[in-house]
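Notes to accompany the following structure.
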Amino acid sequence: MKICRIGKLVHSMGIATIRYGLVINLLEIGRIKFEDYEVENIRPLVTSSPPLAWLIARLGEKKVARLLGVTEIVVGSLIGAKPLAPRASALGSLAAVGMFATTLSFLATTPEAWQETHGEPKLSLAGQFLVKDVVLLGASLLTAADSLQAAERR
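Right under this line is the structure:
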């Protein structure tokens, strides 16, 4: 087998792993938004976020958590639909880009994301939880590009 073919195979396996890893993450994270403990877990993040704080004032914490959960489940499902509907998958991936950009903004809006007791600010546990979204943002961009290319080929 030529190096080029091996590279293409590894690339395809990598994209598939990224796509369905992203899908599993979104479906599971969305599912747990329906649990009361997750409402508690996300409280400091969403109440400190200007785009989401007004929603909590209007709908309440539980409804906002469930709305986020439904959004994550729908976005994850769309991303996973690439073999059947690449355009819908691209839309889901682009929605995920917006979602992860929003969650990354929590690093700036959530005081609990940083600990300043050791000199310069360092990420707290909440900040470490949030910073992983850089990788998920990158995965969303890759799956969007892959889906758009697939839609173009159809």
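Positions 11 to 164 (this note's numbering) are the ones given, in order, by the sequence shown.
Quick reminder that beta carbons are idealized off the backbone N, C-alpha and C, glycines included.
Where residue i falls, given that 16 or more other Cβ within 10 Å makes a residue buried
i           : result
residue 102 : buried
residue 46  : exposed
residue 29  : buried
residue 141 : exposed
residue 112 : exposed
residue 63  : exposed
residue 99  : buried
residue 123 : buried
Selection from the options that minimises the alpha carbon distance to residue i
i           : options          : result
residue 143 : 106, 120, 124    : 106
residue 78  : 160, 43, 89      : 43
residue 73  : 17, 40, 87       : 40
residue 56  : 115, 82, 14, 100 : 115
residue 82  : 20, 16, 104, 69  : 104
residue 32  : 151, 139, 163    : 151
residue 138 : 117, 18, 149, 70 : 117
residue 23  : 156, 88, 123     : 156
Endpoints, the alpha helix (DSSP H) within which residue i is located
i           : result
residue 27  : 13 to 42
residue 73  : 71 to 90
residue 54  : 46 to 57
residue 162 : 143 to 163
Cβ distance (whole Å) where residue i is taken to contact residue j below 8 Å
i           : j           : result
residue 60  : residue 120 : Rounded, the Cβ-Cβ distance is 11 Å, inconsistent with contact.
residue 161 : residue 96  : 4 Å
residue 158 : residue 85  : Not quite, the Cβ-Cβ distance comes to about 16 Å (not below 8 Å), so this is no contact.
residue 75  : residue 48  : 6 Å
Collapsed DSSP secondary structure at residue i in the structure displayed
i          : result
residue 94 : coil
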